[in-house]
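Each protein sequence line maps, in turn, to chains L and D.
Read in full-length UniProt numbering, the first sequence has 179 at position 179, and its numbers run on one by one without any break.
Read in full-length UniProt numbering, the second sequence has 207 at position 207, and its numbers run on one by one without any break.
Structure first, commentary second.
Number of protein chains: 2
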Amino acid sequence: MTSARTPSRSRGATRDKLFQAAVTLIAEQGFSSTTVEEIAERAGVAKGTVYYNFTSKTELFEELLRHGVELLTADLRDAAGQVAGGGGTRVDALDAMIRAGLRFIDHYPAFTQLYVAELWRTNRAWNDTLMVVRKQAVAVVEDVLRAGVAEGELSEDIDIQLTAAALVGMVLVAALDWKAFQPERSLEDVHGALSLLLQGRVGGRGRSR
Amino acid sequence: MTSARTPSRSRGATRDKLFQAAVTLIAEQGFSSTTVEEIAERAGVAKGTVYYNFTSKTELFEELLRHGVELLTADLRDAAGQVAGGGGTRVDALDAMIRAGLRFIDHYPAFTQLYVAELWRTNRAWNDTLMVVRKQAVAVVEDVLRAGVAEGELSEDIDIQLTAAALVGMVLVAALDWKAFQPERSLEDVHGALSLLLQGRVGGRGRSR
DNA sequence: TACTTTGGACTGACCGGTCAGTCCAAAGAG
DNA sequence: CTCTTTGGACTGACCGGTCAGTCCAAAGTA
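What follows is the structure in structure tokens.
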């Protein structure tokens, strides 16, 4: 049964398989050294199918980016929202977002890799897509910072934009290092280390319990 | 004199021109979408000259990486050493390293871009070079953290490796964002924002004023 | 002085291979 | 019948690497 009245159930499945295949391949080798045939092969479909589902290699990649960042921002927003709903502080919300970020990277390391690798390139065909998508992700962090400042919980001296970027960078690089160089450690472990940094117990005024 | 028989002075100059040309092109477009001919053209030499000076495109890139990271680690070490010599704390040394990092990125944005983009790729020809070079850079930060813990200035709870990675990431991403999205701001400005984070006055025990 | 030789630096046309994208006849599937 | 996929042949552009040959300043020679 499962009467699929939807015009393209199987089509969506094929696209997913292609995303899946492309993301790991491109993370490993980069966009331009990954061939369309490789992607098709790993996805278990014919090359022609790739072009039936996407108009070009570039378009496949752009949709991949959009898709991935949507997942991420949804996760982050959820994490922040849950804390806010539970009556936590803004710092708690940031902390929750760090955990959510780590969880995401844990789940989709290849996507993260690929995102970082492409983010600061200029002159690429998909630059516009990338800018939009970046703004989306960073904005979630900025919103929480802004709310914290507005409520007097965070110092007014902080620079929202730069601090958000720095926090994202902190999580990104630490997580990528975790995955690449000490993958045996637990997420909680990594989260603890970053939490310490966020809460200023590394360089902060000394006394830490 | 000026050595007539030696490998020559002009050769070194040509190599420099090629480095210069390659670093910006690869930062913009990535390694594999940058052609050897483009590099040669921008350097103002013929394609053959590239192969006279380097055995392959890959080797040119690897030497570029080594060269750049050497400059960076030297800067970082200097910064930390100066503070230590001047009787500053370890946190001061970290702060000085942040400034040195920013100065480096300010000076060589293209190299930084390219480094970040390649760092977490696997399966690349130059992976070994990259690993060595990364360890070199992060080790400088780790050393300062370790010293701080040993002297009781920093909490024993901190995870040296992860914290170092996080700090590097913080500076890297914040700086890249600075250059890409708000290049008009001053280095001092950016440094101030990161300093605040390092010293825990963002998420720290709240009341910091 | 006038010549020849040497050899390092550089050149650019060329070759062989690779790859994105096209096309199409035929086969499942709903 | 329509939508989707297959699989493979084909094209045209592009690109890494090669190589025979040019250029020239310094050294050698007489």
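Heads up, the beta-carbon is just placed ideally off N, CA and C, and yes, glycines get one too.
Between the C-alpha atoms of residue i and residue j, what's the straight-line distance to the nearest angstrom?
| i | j | result |
| --- | --- | --- |
| Glu156/L | Asp106/D | 27 Å |
| Leu18/D | Gln199/L | 45 Å |
| Arg5/D | Phe104/L | Because the pLDDT of Arg5/D is 37, which lies under 50, any placement of that residue in the model is unreliable, and the number read from its coordinates should be weighed accordingly. About 59 Å. |
| Gly101/D | Gly44/L | 46 Å |
| Thr129/D | Gly85/D | 32 Å |
| Thr49/D | Ala21/D | 13 Å |
| Glu37/L | Leu25/L | 11 Å |
| His191/L | Glu151/D | 25 Å |
| Gly87/D | Arg185/L | 37 Å |
| Met97/L | Pro109/D | 29 Å |
| Ser33/D | Thr89/D | 46 Å |
| Trp126/D | Trp178/L | 21 Å |
| Lys135/L | Val69/D | 30 Å |
| Ala137/D | Asp143/D | 11 Å |
| Ala147/L | Ala139/L | 12 Å |
| Glu41/L | Asp75/L | 31 Å |
| Thr55/D | Asp189/L | 45 Å |
| Ala117/L | Arg124/D | 14 Å |
| Val133/D | Ala46/D | 30 Å |
| Ala122/L | Met131/L | In the sequence on display, residue 122/L carries Thr and not Ala. Each residue's alpha carbon lies about 10 Å from the other. |
| Arg11/D | Ala79/D | 33 Å |
| residue 245/D | Ile39/L | With chain D covering only 1 through 209, there is no way to say anything about residue 245/D. |
| Gln182/L | Tyr51/D | 39 Å |
| Val83/L | Val83/D | 41 Å |
With a cut-off of 8 Å on the beta carbons, I'd call residue i and residue j a contact; round off their distance for me.
| i | j | result |
| --- | --- | --- |
| Leu176/L | Thr112/L | 7 Å |
| Gly169/L | Val91/D | That pair is no contact at about 20 Å. |
| Val23/L | Leu64/L | 6 Å |
| Leu145/L | Ala164/L | 6 Å |
| Val202/D | Leu196/L | Val202/D to Leu196/L, Cβ: 13 Å. No contact. |
| Gly30/D | Gly30/L | 6 Å |
When you compare each of the options to residue i by their alpha carbons, which one comes out closest?
| i | options | result |
| --- | --- | --- |
| Glu28/L | Ala93/D, Leu119/D, Asn53/D and Leu102/D | Leu119/D |
| Asp16/D | Val138/D, Ala100/D, Ala96/D and Phe61/D | Phe61/D |
| Ile158/D | Ala13/L, Ile160/L and Leu194/L | Leu194/L |
| Val171/D | Val141/D, Glu151/D and Leu154/D | Val141/D |
| Ala180/D | Gln161/L, Gln182/L, Pro183/L and Phe181/L | Gln161/L |
| Arg66/D | Tyr52/D, Asp95/D, Leu114/D and Leu94/D | Leu114/D |
| Leu187/L | Glu59/L, Gly12/L, Arg99/L and Asp78/L | Arg99/L |
| Thr58/L | Arg77/L, Thr35/L and Ala46/L | Thr35/L |
| Val149/L | Tyr51/L, Leu94/L and Ala79/L | Leu94/L |
| Ala13/L | Asn53/L, Ile39/L and Lys47/L | Asn53/L |
Members of the stretch 133 to 158 of chain D near chain L, C-beta cut-off 7 Å
Leu154, Ser155, Asp157 and Ile158
Please list the residues of the stretch 99 to 126 of chain D that have a C-beta atom closer than 7 Å to any C-beta atom in chain L, keeping them in chain order.
Gln113, Val116, Ala117, Trp120, Arg121, Thr122 and Asn123
Taking any Cβ of chain L, which residues in the stretch 64 to 82 of chain D have a Cβ under 7 Å from it, in chain order?
none
Contact list for the stretch 15 to 34 of chain L against chain D, Cβ threshold 9 Å:
Against chain D - using a Cβ distance shorter than 9 Å - the residues of the stretch 15 to 34 of chain L are Ala27, Glu28, Gln29, Gly30, Phe31, Ser32 and Ser33.
Given a limit of 7 Å on CB to CB distance, which residues of the UniProt DNA-binding region "H-T-H motif" (35 to 54) of chain D reach chain L?
Within the UniProt DNA-binding region "H-T-H motif" (35 to 54) of chain D, no residue has a Cβ that lies closer than 7 Å to any Cβ of chain L.
At a CB distance below 8 Å, what residues from the stretch 159 to 175 of chain L approach chain D? Give them in sequence order.
Of all residues in the stretch 159 to 175 of chain L, the ones placed with a Cβ closer than 8 Å to any Cβ belonging to chain D are Asp159, Gln161, Leu162, Thr163, Ala165, Ala166, Leu167, Val168, Gly169, Met170, Val171, Leu172, Val173 and Ala174, in chain order.
Using a Cβ-Cβ cutoff of 7 Å, what residues of the stretch 187 to 203 of chain L are near chain D? List them in chain order.
Val190, Ala193, Leu194, Leu196, Leu197, Leu198, Gln199, Gly200, Arg201, Val202 and Gly203
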